[in-house]
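Asker: In UniProt numbering, the protein residues as written are 1 to 455. Ideal Cβ placement from N, Cα and C applies to all residues, glycine included.
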């Protein structure tokens with residue numbers, strides 16, 4: 001009798017569990033988190049699928065078509081061999097098509113770039129550079145960067161915790177393009193390489209205008225912007241760069257949101273156990289805390305996550321002694337406060353800060369951080385895991401044997417380096433935030449952020 005009763009109880013529990021799982025699959029939005037986690041573990045499916053609001057797909061405008069042609073035209077460079085696409089390959093998520101730390105350029109294509117080339121993908125929602133809380137859409141008069149920086153001075157830095165909104169608006173640099181945010185728009189960004197001596201290396205914009213006047217694009221430029229555009233060199237170059245910006249904004253290839261993770265968010269893909277563990281570690285505020293800066297959830301109105309908060313951080317990555325400029329021991333690339341950006345030189349509280357990039361397609365990259373010191377995701381995660389707990393495994397030692405921590409930043413700016421956000425909140429000798437298995441699981445998850453997934 002008792003045996004029969006126990007069997008009935010067990011059968012009832014099994015049937016109830018099956019019913020709950022079935023109900024969860026039909027009505028995932030009604031499931032408590034604990035049951036949702038169980039469903040995810042059993043099936044690999046997202047227990048709370050969403051509909052992502054992607055940019056609409058439409059034929060490119062005539063201006064964007066011109067921009068695409070200009071983007072792929074090497075004749076606009078002094079060497080005649082380098083186009084935008086040379087460093088921003090469509091087949092490589094608009095990142096470099098090779099594993100070089102920096103890309104060659106210059107008049108004879110023999111000059112080494114100063115920084116690794118960032119991807120041009122997923123920039124369509126990037127706001128201009130600013131300091132402080134998001135100003136949003138406002139009719140108020142614009143506030144100068146000096147005023148913003150002064151207002152932020154002395155305001156305690158908001159701690160970044162995965163899944164937790166800061167208690168107060170983050171008074172930090174945010175937005176902008178390039179590693180230091182010096183360009184405000186895609187049009188401005190396209191302009192920069194044209195006269196950079198280690199990139200397209202034109203002596204001035206007048207030379208670029210002359211190339212445009214003698215290019216195959218001139219008739220289209222006249223048709224789109226009027227015949228007078230040919231007589232104004234500055235306007236001619238500006239309109240050409242505007243066209244490139246429109247191409248980068250309009251073409252879905254720059255922001256396809258076609259990764260396995262996007263499909264999983266929408267309930268169309270199953271994550272493996274390793275990928276699920278990696279996702280949870282990525283979002284765990286006490287472990288990897290990746291989502292503290294690399295936001296992993298859709299916005300409240302359904303926009304897909306960009307995997308960046310578009311803010312700036314001083315991480316203290318070790319110096320890359322392979323870079324040509326770093327052969328000079330007195331040279332330091334300090335991001336926002338110089339040397340390539342010149343309008344924030346006096347704002348030394350931002351020295352060492354660089355833009356947080358998207359992690360979409362990061363598994364396809366071969367160089368990481370502003371100086372390209374690391375070349376795979378395992379090295380990157382080891383840096384985060386060991387920078388504070390075992391700095392001797394990250395930084396070199398000087399002649400006396402002392403570990404040279406934060407060796408790519410002058411000592412007077414070491415206080416700018418983030419030591420508050422996990423996993424950087426650990427101290428020397430503490431247990432690292434992640435195990436080797438944790439790191440492998442996070443890498444497995446990050447591979448789901450690569451575009452081109454097929455259902």
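Are the region 419–427 and the region 225–237 touching by the rule of at least three beta carbon pairs closer than 8 Å?
Answerer: Touching, no.
Asker: Can you tell me which of the three DSSP states residue 129 falls into?
Answerer: Residue state, collapsed to three classes: coil.
Asker: By a C-beta neighbour count over all protein chains shown, 10 Å radius and 16 as the cutoff for buried, is residue 277 buried or exposed?
Answerer: Flag for residue 277 reads buried.
Asker: For the ligand NAD, is there any heavy atom lying closer than 7 Å to the beta carbon of residue 98?
Answerer: Among the components modelled here there is no ligand, and therefore nothing to report on the ligand NAD.
Asker: Please name the residue, chosen from 282, 412, 391, that lies closest to residue 439 on a Cα-to-Cα basis.
Answerer: The shortest C-alpha separation from residue 439 is found at 282.
Asker: Terminal residues of the continuous alpha helix (DSSP H) containing residue 249?
Answerer: Residue 249 -> alpha helix (DSSP H) spans 233–250.
Asker: Looking only at C-alpha atoms, which of 53, 270, 123, 286 sits nearest to residue 454?
Answerer: Nearest option by C-alpha distance: 270.
Asker: Across which residues does DSSP place residue 313 in a beta bridge pair?
Answerer: DSSP output for residue 313 lists 354 as bridge partner(s).
Asker: So what's residue 465 in DSSP terms, helix, strand or just coil?
Answerer: As shown, the chain starts at 1 and ends at 455. That puts residue 465 outside it, with no answer to give.
Asker: Between 194, 185, 89, which has its C-alpha nearest residue 79's C-alpha?
Answerer: Looking at the Cα atoms, 194 is the closest of the given residues.
Asker: If you count every other CB in all the chains shown that lies within 10 Å of the CB of residue 140, and 16 or more means buried, which is it?
Answerer: Since pLDDT at residue 140 reaches only 42, below the 50 mark, its modelled position is unreliable, and no value is offered.
Asker: Could you pull the start and end residues of the alpha helix (DSSP H) that residue 225 belongs to?
Answerer: Here the alpha helix (DSSP H) through residue 225 covers 218–225.
Asker: Does DSSP put residue 137 in a helix, in a strand, or in coil?
Answerer: For residue 137, the predicted model reports a pLDDT of 39, less than 50, meaning its position is unreliable; a value from the coordinates is still stated below. Note: residue 137 maps to coil in three-state DSSP.
Asker: Give me the Cβ distance between residue 309 and residue 290, rounded to the nearest whole Å; I'm assuming they're in contact under 8 Å.
Answerer: Not a contact, Cβ separation roughly 11 Å.
Asker: Considering just the uninterrupted stretch of the alpha helix (DSSP H) at residue 382, what are its terminal residues?
Answerer: Its alpha helix (DSSP H) spans residues 377–386.
Asker: Work out the CA separation of residue 37 and residue 177 for me, nearest whole Å.
Answerer: Whole-angstrom Cα-Cα distance: 38 Å.
Asker: CA-CA distance, residue 443 and residue 343?
Answerer: Rounded to the nearest angstrom, the two C-alpha atoms are 38 Å apart.
Asker: If you reduce the DSSP assignment to three classes, tell me which class residue 437 lands in.
Answerer: Helix at residue 437.
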